[in-house]
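Numbering (this note's numbering), first residue to last: 1009 to 1205.
A short worksheet on the structure shown next.
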């Protein structure tokens, strides 16, 4: 049985693309993308729908004439920008005995891409994606369910996220919640030595 756990958000923490693919879609196709991300994608990100089933009707509206596979490859590939200094810090913490988990609002297919293609499975002990938990951050139910699955008192969970709403909700749930700004601050709070400039 574990005695503590480190939970990390993905986008903006472990993965730092110049721009999220969804942001690009919303700018280029505001009506179609707003409808997609506000409806079908929300369902997929809570495990209630399959992205591969709900996305095809939108491909033409997103200006995509190719296959579903090509669209997903572009989407996931455009966000394949690992935050390498953070990944190094995670390796150090795991070597010090910190069980580490992903705590992210994601649907199942991107979770698989993160774990397998981006090899985050080798750096973590598991994932608590919104699709796996069935609810998205910052819903209080998310934090309660994750603590239940970890079999840990809330104060034994250390959580980092770049979204203040998620950090506040985690803190209200009793977690040790921190707003991620940069790796140097993360290392300081987690008692890791600073890296060489």
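Every residue, glycine too, gets a C-beta built ideally from N, C-alpha and C.
None of these values were measured; they are calculated from a predicted model.
In the DSSP assignment, what are the bridge partners of residue i?
i: residue 1165; result: 1013
i: residue 1086; result: The partner list for residue 1086 (beta bridge, DSSP) is empty, contrary to what the question assumes.
i: residue 1112; result: 1137
Exposed or buried, residue i, counting other C-beta atoms within 10 Å across all chains shown (16 or more means buried)?
i: residue 1165; result: buried
i: residue 1092; result: exposed
i: residue 1056; result: exposed
i: residue 1159; result: exposed
i: residue 953; result: Nothing can be reported for residue 953: it is not among the residues displayed for the chain, which extend from 1009 to 1205.
i: residue 1162; result: buried
i: residue 1048; result: buried
i: residue 1174; result: buried
i: residue 1099; result: exposed
i: residue 1132; result: buried
i: residue 1064; result: exposed
i: residue 1019; result: buried
i: residue 1103; result: exposed
i: residue 1180; result: exposed
i: residue 1146; result: buried
i: residue 1149; result: exposed
i: residue 1189; result: exposed
Can you tell me which of the three DSSP states residue i falls into?
i: residue 1147; result: coil
i: residue 1034; result: helix
i: residue 1073; result: coil
i: residue 1185; result: strand
i: residue 1023; result: strand
i: residue 1065; result: helix
i: residue 1176; result: helix
i: residue 1191; result: helix
i: residue 1099; result: helix
i: residue 1094; result: helix
i: residue 1057; result: coil
i: residue 1048; result: helix
i: residue 1018; result: coil
i: residue 1262; result: Past the edges of the chain, shown from 1009 to 1205, lies residue 1262, and the structure says nothing about it.
i: residue 1039; result: helix
i: residue 1123; result: helix
i: residue 1203; result: coil
i: residue 1104; result: coil
i: residue 1132; result: coil
i: residue 1158; result: helix
i: residue 1152; result: helix
i: residue 1028; result: coil
Assuming residue i contacts residue j (C-beta within less than 8 Å), just tell me the rounded distance between them.
i: residue 1053; j: residue 1127; result: About 22 Å separates the two Cβ atoms, so there is no contact after all.
i: residue 1023; j: residue 1117; result: Residue 1023 to residue 1117, Cβ: 15 Å. No contact.
i: residue 1076; j: residue 1067; result: 7 Å
i: residue 1016; j: residue 1168; result: 5 Å
i: residue 1021; j: residue 1094; result: 7 Å
Say yes only if the C-beta of residue i is nearer than 8 Å to one or more non-hydrogen atoms of the ligand HEM, and no if none qualify.
i: residue 1092; result: This structure lacks the ligand HEM, and indeed carries no ligand of any kind.
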